[in-house]
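Quick note on our numbering: the sequence shown kicks off at 39 and runs consecutively. A virtual CB, placed ideally from N, CA and C, is assigned to each residue, including glycine.
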Amino acid sequence: MASIFSKIISREIPAHIVAEDDKHLAFLDINPLVTGHTLVIPKREVDYIYDLEDDELTTLHLFAKRVAQGIKSSISCERVGVTVIGLEVPHAHVHLIPITTMDDMNFSRAKLKPTKEELAETASQIGAKVSL
39 MASIFSKIIS REIPAHIVAE DDKHLAFLDI NPLVTGHTLV IPKREVDYIY
89 DLEDDELTTL HLFAKRVAQG IKSSISCERV GVTVIGLEVP HAHVHLIPIT
139 TMDDMNFSRA KLKPTKEELA ETASQIGAKV SL
């Protein structure tokens, strides 16, 4: 059964995409911790990030680096934090989170509830700064 992320890749489910290449996709989290919280995934569905082949893991992180640079250029923050949790969706993914304080990466706090318009604007701002 395809994960929700695979359905986003196939465009069965809409998403606010910030960057894409032939092997990866980056899109905004719809329940972000902070504005600009982005998910980066491989297009090949693999449940656990460390089950990716070495070259896939490498290219995923290099793609995430370019997305993080776009986030840093467009969202006010000290840096972009990265985390891999991997329990909520059975598809390998990386969270890129603009941070100013450590609490910005606290997954137990209340999530933001941005509108579709706010998500679209944020995706557009980040996407314009991602160099692929």
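Whole-number beta carbon distance between residue j and residue i, since they are thought to touch under 8 angstroms
{"i": "residue 62", "j": "residue 101", "result": "4 angstroms"}
{"i": "residue 65", "j": "residue 56", "result": "6 angstroms"}
Cβ-based burial, residue i [other Cβ within 10 Å; buried from 16]
{"i": "residue 53", "result": "buried"}
{"i": "residue 166", "result": "exposed"}
{"i": "residue 130", "result": "buried"}
{"i": "residue 141", "result": "exposed"}
{"i": "residue 153", "result": "exposed"}
Proximity to residue i [Cα-Cα], best of the options
{"i": "residue 111", "options": "150, 137, 152", "result": "137"}
{"i": "residue 78", "options": "51, 122, 169", "result": "122"}
{"i": "residue 51", "options": "60, 142, 88, 41", "result": "41"}
{"i": "residue 74", "options": "159, 98, 91", "result": "159"}
{"i": "residue 116", "options": "95, 127, 45, 143", "result": "143"}
Reduced DSSP category for residue i - H, G, I as helix; E, B as strand; rest coil
{"i": "residue 117", "result": "strand"}
{"i": "residue 105", "result": "helix"}
{"i": "residue 156", "result": "helix"}
{"i": "residue 30", "result": "The first residue shown for the chain is 39 and the last is 170, placing residue 30 beyond what the model contains."}
{"i": "residue 133", "result": "strand"}
{"i": "residue 178", "result": "Given a span of 39 to 170 for the chain in the structure shown, any question on residue 178 remains unanswerable."}
{"i": "residue 79", "result": "strand"}
{"i": "residue 110", "result": "helix"}
{"i": "residue 100", "result": "helix"}
{"i": "residue 86", "result": "coil"}
{"i": "residue 162", "result": "helix"}
Contacting residues, own chain, Cβ-Cβ under 6 angstroms from residue i (five flanking each side not counted)
{"i": "residue 118", "result": "106, 109, 110, 134, 136"}
{"i": "residue 150", "result": "70"}
{"i": "residue 67", "result": "75, 77"}
{"i": "residue 157", "result": "54, 66"}
Sequence-distant residues of the same chain with beta carbon closer than 8 angstroms to residue i, five excluded per side
{"i": "residue 86", "result": "124, 130"}
{"i": "residue 169", "result": "104, 107, 108"}
Neighbourhood of residue i by C-beta, 7 angstroms cutoff - its chain only, sequence neighbours within 5 removed
{"i": "residue 47", "result": "63, 81"}
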